[in-house]
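K.L.:
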Amino acid sequence: MAFSLIKELSNYKNVQISAIILNEGKLSNKLNDLPIETKVIDEKNINFASIYKECKSWFTKNPHDVIHSHRYKENILAYLISRKVKNIKLVATQHGVPNSERAERNFNIKHRFVLEVNNKILAGKFDKLVVVSNDMKRYYSENIQLKEDALEMIHNGIILPNVSEIHSDKKVFFIGSIGRLFPVKDYTLFVKIANEISKVSKEIKYVLAGDGPERVIIQQLVNQYGLQDSFKIIGVLDDTTRFYRDIDIYLNTSLSEGLPLSVLEAMAHGIPVVAANVGGINEIITKEDEGILVNGRDPVDFAEKCLMLFQKANLRKSMGFKGRERIYNAFSVEKMAKKYYSLYSELINGHGNPPPRGRTGVSG
23 MAFSLIKELS
33 NYKNVQISAI
43 ILNEGKLSNK
53 LNDLPIETKV
63 IDEKNINFAS
73 IYKECKSWFT
83 KNPHDVIHSH
93 RYKENILAYL
103 ISRKVKNIKL
113 VATQHGVPNS
123 ERAERNFNIK
133 HRFVLEVNNK
143 ILAGKFDKLV
153 VVSNDMKRYY
163 SENIQLKEDA
173 LEMIHNGIIL
183 PNVSEIHSDK
193 KVFFIGSIGR
203 LFPVKDYTLF
213 VKIANEISKV
223 SKEIKYVLAG
233 DGPERVIIQQ
243 LVNQYGLQDS
253 FKIIGVLDDT
263 TRFYRDIDIY
273 LNTSLSEGLP
283 LSVLEAMAHG
293 IPVVAANVGG
303 INEIITKEDE
313 GILVNGRDPV
323 DFAEKCLMLF
333 QKANLRKSMG
343 FKGRERIYNA
353 FSVEKMAKKY
363 YSLYSELING
373 HGNPPPRGRT
383 GVSG
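If you count the sequence shown from 1, you need to add 22 to reach my numbering.
If you want it as structure tokens, here you go:
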């Protein structure tokens, strides 16, 4: 999401964007190809105080109108910088709710402290907190006591794939999912669904792309059900285009979601989606012909929906078409960037016109 937003905003003639990235990796490499100034700080080799000093020095030398931060550490850094470098507006984007994050890691005392500090800063020091779904907006309004005018809902947007990258029929039928292998994604449910489907059809294969602490547990369950020949965990992918092109159904089994990019990407590739009705997913799939939402967590219910799509090629095709149309109309990167641009402008000028200096700092 951060890369898509930065790339699109870099096309705005009256906006100058720079980015601070706290580690080398895929994002920093991709940003190097854009006409923006990028600073990389290796958070693994220096402490928080040193990171803060580098950031403060950089913003002092490079005046900005807005700092847009993502994640807890970055939010805290943005606030501390704003205390030393005046006249900077603060925007943060939150992509999930804290309860889901508790479920996906060992939420120790340090993490709890950082979360509490982050919430206090967001509630009292940031000009806007952007959430990516109406479900999240309700959560932050009710649980973090953020005022209505401090919250902004902007759906994630994606760069739409070319028509040539869209799925085409092939001999092997695949059901796939992609994401971090963390408890909140509940990929053990994916395995249980595969087991239920295998009782009816042996023609379907399953692929899970990603890595994380749950990988061993998921593989053990695959072995327990005897699905080793049909269920593959393929690790992290640098390029997901082929993954989406090769699958026939995209399956989401999450316990909690903000607005999952993987569901947007699958639908943009014309892949019919079967998803748990959690978080903001029902803001993506709003009609029955756009995708299938499953209430509850019974693997039999999910399996029945997947088998129905497996058996009805015309339904898969029409749902894939409607899903792609839905993403094109409501979740394009152009729409997302336009809304962020208007938000920045409103904060700086009090209305949606272009910023006076037109410099936006994005940390992530």
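Every residue, glycine too, gets a C-beta built ideally from N, C-alpha and C.
Note that the structure is predicted; figures quoted are calculated from it, not measured.
For methionine 341, does the count of other Cβ atoms within 10 angstroms reach 16, so buried, or fall short, so exposed?
P.N.:
By the neighbour-count rule (16 or more Cβ atoms within 10 Å), methionine 341 is buried.
K.L.:
Give me the residue from Ile226, Pro282, Ile68 and His177 with the minimum Cα distance to aspartate 251.
P.N.:
Answer by Cα proximity: Ile226.
K.L.:
Run through DSSP, which three-state label would asparagine 217 get?
P.N.:
Helix.
K.L.:
To the nearest angstrom, report how far apart valine 213 and phenylalanine 196 are at their CA atoms.
P.N.:
Rounded to whole angstroms, valine 213 to phenylalanine 196 spans 14 Å at the Cα level.
K.L.:
Please list the terminal residues of the continuous alpha helix (DSSP H) segment that includes tyrosine 74.
P.N.:
From DSSP, the alpha helix (DSSP H) with tyrosine 74 extends over 70-83.
K.L.:
Which first and last residues belong to the alpha helix (DSSP H) in which glycine 372 is found?
P.N.:
Counting along the chain, glycine 372 falls outside any alpha helix (DSSP H), and DSSP gives it neither H nor E.
K.L.:
Going by the beta-carbon positions, is the gap between glycine 232 and arginine 202 smaller than 7 Å?
P.N.:
Yes; because the gap between Cβ atoms is below 7 Å, this pair is in contact.
K.L.:
Please work out which residues of its chain come closer than 7 Å, Cβ to Cβ, to arginine 338, disregarding the five sequence neighbours upstream and downstream, and give them in chain order.
P.N.:
Asp270, Pro294 and Leu331, listed in sequence order.
K.L.:
Using three-state DSSP, classify proline 378 as helix, strand or coil.
P.N.:
Residue placement at proline 378 cannot be trusted, given a pLDDT of 49 that sits under 50; the coordinates are not used to answer.
K.L.:
According to DSSP, what are the bridge partners of threonine 115?
P.N.:
Answer is His92 and Val152.
K.L.:
Quick check: isoleucine 306 and lysine 327, are their CB atoms within less than 7 Å of each other?
P.N.:
Cβ atoms of isoleucine 306 and lysine 327: not closer than 7 Å.
K.L.:
Quick one: Cα of leucine 243 to Cα of leucine 286, how far?
P.N.:
Cα to Cα, the separation comes out at about 28 Å.
K.L.:
Look at the Cβ atom of leucine 277, then the Cβ atom of valine 206, and state whether they are nearer than 7 Å.
P.N.:
Yes, these two residues count as a Cβ contact at 7 Å.
K.L.:
What residues match up with isoleucine 180 in a beta bridge as DSSP calls it?
P.N.:
Its beta-bridge partners are Ser354.
K.L.:
Reducing DSSP to helix, strand and coil, say where glutamate 347 ends up.
P.N.:
Reduced to three states, the DSSP call for glutamate 347 is helix.
K.L.:
Spatial neighbours of phenylalanine 25 within its chain, please: C-beta separation below 8 Å, excluding the five flanking residues on both sides.
P.N.:
Closer than 8 Å at Cβ, skipping near neighbours: Leu49, Lys52 and Leu53.
K.L.:
Does DSSP put glycine 146 in a helix, a strand or coil?
P.N.:
If DSSP states are grouped into helix, strand and coil, glycine 146 belongs with the helices.
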